[in-house]
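Written out below as structure tokens is the structure these notes cover.
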Amino acid sequence: MSYQGYGFQSRTKSFFANSSLSILEMTSAQRNPELFHLAVARINPTLDALNNAFAKLNQVVKSRPLVATDALVEGVRSVLIDFVSATTMQMNTGNLDGLLNHLHDATCMTHNVVTYTELIRYENESRGFRVR
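Its first residue numbered -5, the sequence shown is counted upward by one per residue in the numbering used here.
So, in structure tokens, the structure goes:
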């Protein structure tokens, strides 16, 4: 899954075109362009990992549907949508601190989704429902 269609790369170039701004008027991306480009490079791998973890959770939950696990999947789905929209907003505004915070939160969320997936898989297998 690639997020290049949102125009992340082309928008970052416009942040650095206005060099006549004072330091107080500059965004964090303009003050620290190297770190901003490193953060931009982390967007796709981080969101891809979260998307893959969600897909695996969805597959495990579908093997034995329950109301509680369906609610968990819907909650994770809404958080995933929130991460993508928040990351897009942080990129568009050039807010480096917010972008790094959202990427860190997405990494933590990926770890939590993987943990819950393994827990649900174990519970399903202990009840005789096998998941590939």
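We treat Cβ as the ideally placed atom computed from N, Cα and C, and that holds for glycine.
Burial state of residue i, where buried means 16 or more other Cβ atoms lie within 10 Å
i	result
L60	exposed
T63	buried
M85	buried
R71	exposed
G122	exposed
R115	buried
S88	The residue you asked about is not Ser; residue 88 is Gly in the sequence shown. Per the 10 Å Cβ criterion, buried.
A136	Only positions -5 to 126 of the chain appear in the structure, and residue 136 is not among them; the question remains open.
I75	exposed
H96	buried
R124	exposed
Among the options, the one whose alpha carbon lies nearest that of residue i
i	options	result
V108	E119, F77, M83 and V54	V54
A33	V67, I75 and G92	G92
Supposed contact pair residue j and residue i - C-beta distance, whole angstroms, cut 8 Å
i	j	result
S79	N118	The pair is not a contact, with the Cβ atoms about 32 Å apart (cut-off 8 Å).
L29	Y110	About 32 Å separates the two Cβ atoms, so there is no contact after all.
R82	A47	In the sequence under discussion, the amino acid at residue 82 is Thr, which differs from the Arg named in the question. Not a contact, Cβ separation roughly 20 Å.
L90	N26	6 Å
The region 99 to 107 contacting the region 43 to 58, beta-carbon criterion three pairs below 8 Å: yes
In chain order, which continuous runs of the alpha helix (DSSP H) of length 4 or greater are located wholly inside the region 22 to 77? Annotation note: the region 22 to 77 contains the following uninterrupted alpha helix (DSSP H) runs of length 4 or greater, listed N- to C-terminal: 22 to 25 and 27 to 57.
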